[in-house]
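What follows is a single structure, written as structure tokens, with notes after it.
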Amino acid sequence: MSVEMMSIYLPIYCAFAISYIFLKSVKTGELQLENSIIQNLTQISSIIKGIPAVFLVILVILLRPINALFYFVLAGAFVFCFLGDLGMERGLIPGLPLFLIAQILFSVAFLGQTLTLGVTVESLFLPGLVTLVMIIYIFLFLRYLESSETGLGKFRIPVLIYCVFISLMFISSVLLLSVSGIIEFGLVALGGLFFVISDSIIAVREFHHVISYRELKVMSTYYAAILFLSLAVFMV
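Next comes the structure, spelled out in structure tokens:
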């Protein structure tokens, strides 16, 4: 049933994701189109933005076994992704805390499932390596953001905190892959990586320099991220 459900939801998910990226790109002028119908549709792009996350919430709820905590926490993460989508339309201040909660919930879901499976010393090698890479990445990335004319300013601590927790989310997805030994969990870990990439692009755009085709780059990696993260429900 899960495969059949995914075959229904995936095309709908992709349709809304592509529609938002297209309409938002037109709205921001990244794509130049004079069609009046499309120009009118750009006014509802903010509504379309959060629909893919809503579909994932519904998917997780429909697939969950009775009293499965993992599914409830994962659904909660997608709820906060949806709220974060809406918040980011108003700016970084409302959006960042909401996505921070989403990262915490993703981490709790993956770490909880990992503890259920049981951690071995051998399974810690890959997550340990990724942890080291992410520590170096955060250090260099924050230095890069600070090198701009304005720097991070009052966002220095919030951005640092967010970097720590999105890294924890990514590391926990890699840990789940390593502990489970299920190769398909590599897609979930890839989702974590895409989330890091997407939010890194946002940070560069907000604090360092203007990025061309930013909606395409940010939202394509973001939508891929949450889609791949949602695949965990088919593997636990």
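Read in order, the letters of the sequence shown are residues -3 to 232 in our numbering.
Think of the CB as a built atom: it goes at the ideal place given N, C-alpha and C, for glycine as much as any other residue.
Nothing here was measured: the structure is a model prediction, and the numbers come from that model.
Separation of residue j from residue i, as counted between CA atoms
i: residue 92; j: residue 118; result: 35 Å
i: residue 98; j: residue 191; result: 11 Å
i: residue 225; j: residue 31; result: 36 Å
i: residue 11; j: residue 223; result: 13 Å
i: residue 37; j: residue 20; result: 10 Å
i: residue 3; j: residue 217; result: 21 Å
i: residue 202; j: residue 74; result: 24 Å
i: residue 219; j: residue 113; result: 28 Å
i: residue 1; j: residue 121; result: 35 Å
i: residue 77; j: residue 94; result: 7 Å
i: residue 221; j: residue 189; result: 7 Å
i: residue 181; j: residue 54; result: 21 Å
i: residue 179; j: residue 126; result: 17 Å
i: residue 227; j: residue 166; result: 15 Å
i: residue 149; j: residue 56; result: 39 Å
i: residue 79; j: residue 162; result: 17 Å
i: residue 88; j: residue 115; result: 37 Å
i: residue -3; j: residue 49; result: Confidence in residue -3 is poor, its pLDDT being 48 and thus under 50, which makes the residue's placement unreliable; the coordinate value appears in the next sentence. If I take the Cα positions, the gap works out to 21 Å.
i: residue 14; j: residue 26; result: 15 Å
i: residue 141; j: residue 106; result: 30 Å
i: residue 86; j: residue 147; result: 21 Å
i: residue 196; j: residue 84; result: 15 Å
Residue burial classification, residue i (beta-carbon count within 10 angstroms, cutoff 16)
i: residue 45; result: buried
i: residue 104; result: buried
i: residue 52; result: buried
i: residue 7; result: exposed
i: residue 194; result: buried
i: residue 24; result: exposed
i: residue 177; result: exposed
i: residue 65; result: exposed
i: residue 22; result: buried
i: residue 72; result: buried
Residue i versus the options, residue with shortest Cα-Cα distance
i: residue 230; options: 129, 174, 145 and 60; result: 60
i: residue 82; options: 42, 107 and 71; result: 42
i: residue 39; options: 16, 125, 50 and 28; result: 16
i: residue 199; options: 188, 108 and 213; result: 213
i: residue 68; options: 86, 108, 48 and 89; result: 108
i: residue 153; options: 54, 87, 134 and 13; result: 134
i: residue 111; options: 29, 168 and 26; result: 168
i: residue 101; options: 87, 197 and 70; result: 70
i: residue 138; options: 18, 29 and 159; result: 159
i: residue 145; options: 204, 84 and 130; result: 204
Boundaries (first-last residue) of the alpha helix (DSSP H) holding residue i
i: residue 118; result: Here residue 118 belongs to no alpha helix (DSSP H), and DSSP marks it neither H nor E.
i: residue 209; result: Neither: residue 209 is in no alpha helix (DSSP H) and is coded neither H nor E.
i: residue 151; result: Segment: none, residue 151 is in no alpha helix (DSSP H) and carries neither H nor E.
i: residue 84; result: 65 to 84
i: residue 228; result: From DSSP, residue 228 is part of no alpha helix (DSSP H); its letter is neither H nor E.
i: residue 201; result: 181 to 203
i: residue 32; result: 32 to 37
i: residue 43; result: 41 to 45
Proximity test, Cβ basis, 8 Å: residue i and chain B
i: residue 9; result: Looking at the structure shown, chain B is missing, and only one protein chain is on hand.
### Query
Do the segment 172 to 185 and the segment 198 to 215 make contact, defined as three or more Cβ pairs closer than 8 Å?
no
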